[in-house]
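Here's the structure, in C-alpha cells; my notes come after.
Protein chains: 2
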Amino acid sequence: MIVLTREQIEQLIDIPKSVLEIEEAYRATSAGRVNLPPVGHITFPELEADCHIKYGHALGSPIFVIKIATGFPKNVDTEYPTGSGVNVVMSAQTGQVEAVLYDEGMLTDVRTGLGGAIATRLLARRDSKRVLIIGTGRQARYQIESHVAVMGPNLQFQVWGRLSERADSVVNEMSKICSIERVDDLESSVRDADIIVTITGSTIPLVLSDWVKPGTHITAVGADAPGKQELEVALVEKADVLVADHIEQCVDHGEISRFVQTDDTRKSTIVELGQVLNNAKLGRRNDSQITIADQTGIAACDIAISQSVLNSWTKNLNKT
Amino acid sequence: MIVLTREQIEQLIDIPKSVLEIEEAYRATSAGRVNLPPVGHITFPELEADCHIKYGHALGSPIFVIKIATGFPKNVDTEYPTGSGVNVVMSAQTGQVEAVLYDEGMLTDVRTGLGGAIATRLLARRDSKRVLIIGTGRQARYQIESHVAVMGPNLQFQVWGRLSERADSVVNEMSKICSIERVDDLESSVRDADIIVTITGSTIPLVLSDWVKPGTHITAVGADAPGKQELEVALVEKADVLVADHIEQCVDHGEISRFVQTDDTRKSTIVELGQVLNNAKLGRRNDSQITIADQTGIAACDIAISQSVLNSWTKNLNKT
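Going down the list, the protein sequences come from chains B and Y.
All residue numbers for the first sequence refer to the working numbering, where the first residue is 46 and numbers rise by one.
All residue numbers for the second sequence refer to the working numbering, where the first residue is 46 and numbers rise by one.
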C-alpha cells in the first residue's frame with residue numbers, strides 16, 4: 046500500500062493535465078460510463094460539521110476510489126484546517142488497497158476549484174471580465190486560482206464575505222496572481238458581475254433574483270449537502286440554462302434541489318455538465334441568457350485526480 | 046496520521062476485551078446511541094465482487110470510523126486474499142484523519158467472527174455441543190476461532206463446503222484449537238446440529254426448513270448484500286425467535302430480507318441483538334425453540350474494534 050502525504054501529492058499534481066482529465070470525468074459520467082453510488086454523508090450537528098464519502102468506479106478502470114472529506118467550519122478558530130480527508134485507491138481487479146492519498150482534503154479542493162472553472166469557462170459570456178467571488182474560505186481561494194488557470198489572467202475579481210477581514214485575507218493572498226478587490230455591497234456587486242461564483246456554507250439565499258442582470262453566469266459550489274442554499278429559488282427559475290455536474294446529486298442536495306422539489310417536471314429542464322462539454326449547443330446560446338452551473342462535486346472527479354496523482358508517482362518512480 | 050499495518054494491528058487486538066466492547070456496541074446501537082447512516086456498496090458484477098463502506102459515530106465518542114472492506118471471491122485462484130480493506134479513523138471533534146488501520150480486512154473478520162459467536166452464545170441452548178459450519182472461506186475459520194474463544198473448548202465442530210478439499214483445509218487448520226471433522230451430507234448434518242453457522246456467499250438457500258430440528262440455533266453471517274441468501278424463507282418463517290444485528294440493515298439486505306418483503310408487518314416480530322443482550326427474555330425462552338441470528342455486520346462494531354486497537358497502541362506508546 047502506497048501512502049502519499051499532502052506535500053508529496055502537491056508535487057505530483059499537473060493542473061493543465063488535470064483540467065483535461067476532469068473534463069473527461071464529466072463526459073464519462075454523463076455518458077453513463079461511471080458507476081456512482083449515492084454519496085455517503087454523516088453529520089455532527091453540534092459542530093455544524095459533516096463528512097462526505099464519495100466513491101465510484103469508471104467502468105473499465107483498473108482502480109476505484111473512495112474519497113473521504115470533512116467540513117468542520119468551526120475549526121476556523123482553532124489550529125486545525127476546516128477540512129481534511131483521504132482518498133483511498135483500491136484495485137477494481139483484486140479488491141486490494143493500492144494507495145492512501147493523505148491529501149488532507151487538498152485533492153477535493155483542487156478538483157472542486159477546477160470543476161467550477163471548467164463550468165464557468167463553458168457557460169459564461171466570451172466577453173466576461175468581472176468575477177464576483179462570494180465566500181472567503183479555503184475553497185474561495187481555489188476557485189480564484191482555478192479560474193485564473195483555466196480562463197487566463199485577464200479576469201477582474203471581487204470578493205465578498207460576511208466578515209470583511211476574511212475578505213481582506215483573500216485579497217492579500219490572491220493579489221499575487223490576479224487583479225482582486227474586496228467589496229462590501231453585495232447587491233451592487235452582483236448587479237455589476239459577469240460571473241458569480243458562490244462558495245459559502247450558507248443555508249439561506251445570498252443572491253437574489255432581482256439583482257442578477259441578463260447575460261450573467263453563476264457557478265454555485267457551496268451547496269453540497271441537504272439544507273444548504275446560496276441562490277434564491279426565483280433566480281434558479283429565472284435562469285435560461287441550468288447545468289448540473291450530476292443531475293441526481295443536484296436534485297437530491299444541490300442548489301437546484303428546492304427548484305425541483307416544488308415541481309418534479311422541472312428536472313427535465315436541467316442538462317449535465319458532461320453533456321454540454323460534448324455539445325456546446327446545450328449550454329449558453331446568446332449573450333443575454335442567465336446560466337447557472339450547480340456543482341455538488343462528483344466521485345468521478347475524485348477518481349480522475351487520484352488516478353492522475355498515482356500515474357505521476359509511478360512515472361517518477363520509473364525515472365529514478 | 047497514524048498508519049498501522051496488519052502485523053501491528055494483530056499484536057494490538059485483545060480478544061476478551063473486544064468481546065465486551067463489541068457487546069457494548071450492539072447495546073449502544075439498539076439504544077439509538079450510534080449514528081449509523083446506510084451502508085455504502087459498490088459492485089463489480091463481472092468478478093462477482095463488491096466493496097462495502099460502513100461508517101458511523103457512537104454519540105459522544107471523540108472519533109468516528111469509515112470502514113472499507115472488499116470481497117473478491119475469485120481471488121481464491123490467485124495470489125491475493127479474497128478480501129482486503131482499511132479502517133479510517135477520523136476525529137469527530139476536528140474532522141482530521143487520526144489513523145489508517147491497514148488491516149487488509151482483518152478487523153472486519155475479527156469483529157464478524159466475534160459478533161457471530163456473541164449471538165450464538167446468547168441464543169443457543171445451554172447444552173449445545175454440535176456446531177455445523179457451512180462454508181469454507183476465511184470467515185469460516187474466524188467463526189470457529191471466535192466460537193471457541195467465546196463459548197469454550199468443548200464444542201464439536203463439523204464443516205461442510207461445496208468443495209471437499211476446501212473443507213479439509215479448514216479441518217487441518219482448525220484441529221489445533223478444537224474437535225472438528227469434515228461432513229459431506231449437508232442434510233443429515235443439519236438434522237444433527239445444535240448450532241448452525243452459515244458463512245457462504247450463496248444466493249440460493251442451502252439450509253431447508255424441514256431439516257432443522259426444534260431447539261436448533263442458527264447464526265447466519267453470509268448474507269451481507271442484496272441477493273445473498275443461505276436459509277430457506279420457510280425456515281425463517283418457522284423460527285420462534287428472530288434476532289437481527291441491526292433491523293434496518295437486515296430488512297434491507299440480510300438473511301431475513303425476503304421474509305419481510307412478502308409481509309411488512311413481520312418486521313415487528315424481529316428483535317435486535319443489543320436488545321437481547323440487555324434483556325435475555327427477548328431471546329430463547331425454552332429448549333425446543335428455533336432461534337436465528339441474522340448478522341449483516343454493523344459499523345458500530347467496526348468503530349468499537351478500531352477504537353480498541355488505537356487505545357492499545359496509545360497505551361503501548363506511553364509505556365515506552
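All residues carry an ideal CB built from backbone N, CA and C; glycine is no exception.
Keep in mind that this is a model prediction, so the values were computed, not measured.
Where does F304/Y sit, in a helix, a strand or coil, going by DSSP? helix
Within the continuous beta strand (DSSP E) that includes I315/Y, where are the two ends? I315 to E317
Ends of the alpha helix (DSSP H) at H86/Y? It is not in any alpha helix (DSSP H) - H86/Y instead sits in the beta strand (DSSP E) that spans G85 to F89.
Determine the chain Y residues that contact Q141/B at a beta-carbon separation under 7 angstroms, and present them in chain order. Those are Y125 and S129, listed as they occur along chain Y.
My output table needs one value for Y100/Y: the three-state DSSP class, helix, strand or coil. strand
Out of D308/Y, I343/Y and N331/Y, point me to the one whose CA is closest to G319/Y's CA. I343/Y
Near-chain B residues of the stretch 73-86 of chain Y (beta-carbon distance less than 7 angstroms), N- to C-terminal order: N80, P82, G85 and H86
Return helix, strand or coil for D269/Y, following the three-state DSSP convention. It is coil, neither helix nor strand.
Contact set for V45/Y: own chain, Cβ-Cβ below 6 angstroms, skip 5 residues either direction: Because chain Y here runs from 46 to 365, residue 45/Y falls outside it and cannot be looked at.
Going by the CB atoms, is the gap between F109/B and M135/B shorter than 7 angstroms? In this structure, F109/B lies closer than 7 angstroms to M135/B by Cβ.
Members of the stretch 131-163 of chain Y near chain B, C-beta cut-off 8 angstroms: V131, V133, M135, A137, Q138, T139, G140, Q141, V142, V145, Y147 and E149
For T165/B, which of S351/B, V354/B, D339/B and N356/B has the nearest alpha-carbon? The candidate whose alpha carbon is nearest that of T165/B is D339/B.
For K174/Y, which of helix, strand or coil comes out of DSSP? coil
Within the same chain, show all residues whose beta-carbon is closer than 7 angstroms to that of V215/B, passing over the 5 residues directly before and after it, in chain order. T181, A185, R186 and V204
Residues near R211/Y by beta carbon distance below 6 angstroms, same chain, minus five either side: T181
Would you mind telling me which residues of chain D sit closer than 7 angstroms to Y71/Y, beta carbon to beta carbon, in chain order? Absent here is chain D; the protein component of the structure consists of chains B and Y.
Excluding five sequence neighbours on each side, which residues of the same chain lie with their C-beta closer than 8 angstroms to the C-beta of H262/Y? T165, L168, A169, R170, S173, D239, I240, I241, R329, I335, T336, I337 and A338
Give the range of the beta strand (DSSP E) segment to which D297/B is assigned. No beta strand (DSSP E) contains D297/B, which is instead part of the alpha helix (DSSP H) from I292 to H298.
Taking three-plus beta-carbon pairs below 8 angstroms as touching, is the stretch 49-61 of chain Y in contact with the stretch 76-93 of chain B? no
Mind checking who I225/B pairs with in its DSSP beta bridge? F202/B
Apply the 10 Å Cβ neighbour rule to R207/Y and answer buried if 16 or more other Cβ atoms are within range, or exposed otherwise. exposed
Any idea if A279/B is buried or exposed, counting beta-carbon neighbours within 10 angstroms, 16 or more meaning buried? exposed
Checking contacts by CB at 7 angstroms: is I111/Y closer than that to chain B? yes
Selection of the stretch 46-61 of chain Y by Cβ proximity to chain B, strictly under 7 angstroms: M46 and V48
Candidates P107/Y, S313/Y and W256/Y, of which the one nearest E143/Y by Cα: Of the candidates P107/Y, S313/Y and W256/Y, P107/Y places its Cα closest to the Cα of E143/Y.
Comparing C-alpha positions only, which one of D255/B, P259/B and K273/B sits nearest to T243/B? K273/B
Between E69/B and A103/B, what straight-line distance do the alpha-carbon atoms span, to the nearest angstrom? In a straight line, the C-alpha of E69/B is about 11 angstroms away from that of A103/B.
Three-state secondary structure (DSSP) of T365/B: Note: T365/B maps to coil in three-state DSSP.
Does DSSP put V257/Y in a helix, a strand or coil? coil
Along the chain, where does the beta strand (DSSP E) containing S247/B start, and where does it finish? No beta strand (DSSP E) contains S247/B, which DSSP labels as neither H nor E.
CB contact flag (S254/Y, K283/Y, <7 angstroms): yes
G342/Y versus chain B: which residues are under 8 angstroms apart at the beta carbon? Residues of chain B passing the Cβ test: none, with the nearest at roughly 16 angstroms.
From this set, Q201/Y, G85/Y, G299/Y and Y71/Y, which residue's C-alpha is nearest I225/Y's C-alpha? Q201/Y
Using the three-state DSSP reduction, which class does M46/Y fall into: helix, strand or coil? coil
Within this structure, are the beta carbons of E66/Y and S353/Y separated by less than 7 angstroms? Taking 7 angstroms as the cut-off, the Cβ atoms of E66/Y and S353/Y count as close.
Cα-Cα separation, K385/Y to I98/B: Not covered by the structure: residue 385/Y. The range shown for chain Y is 46 to 365.
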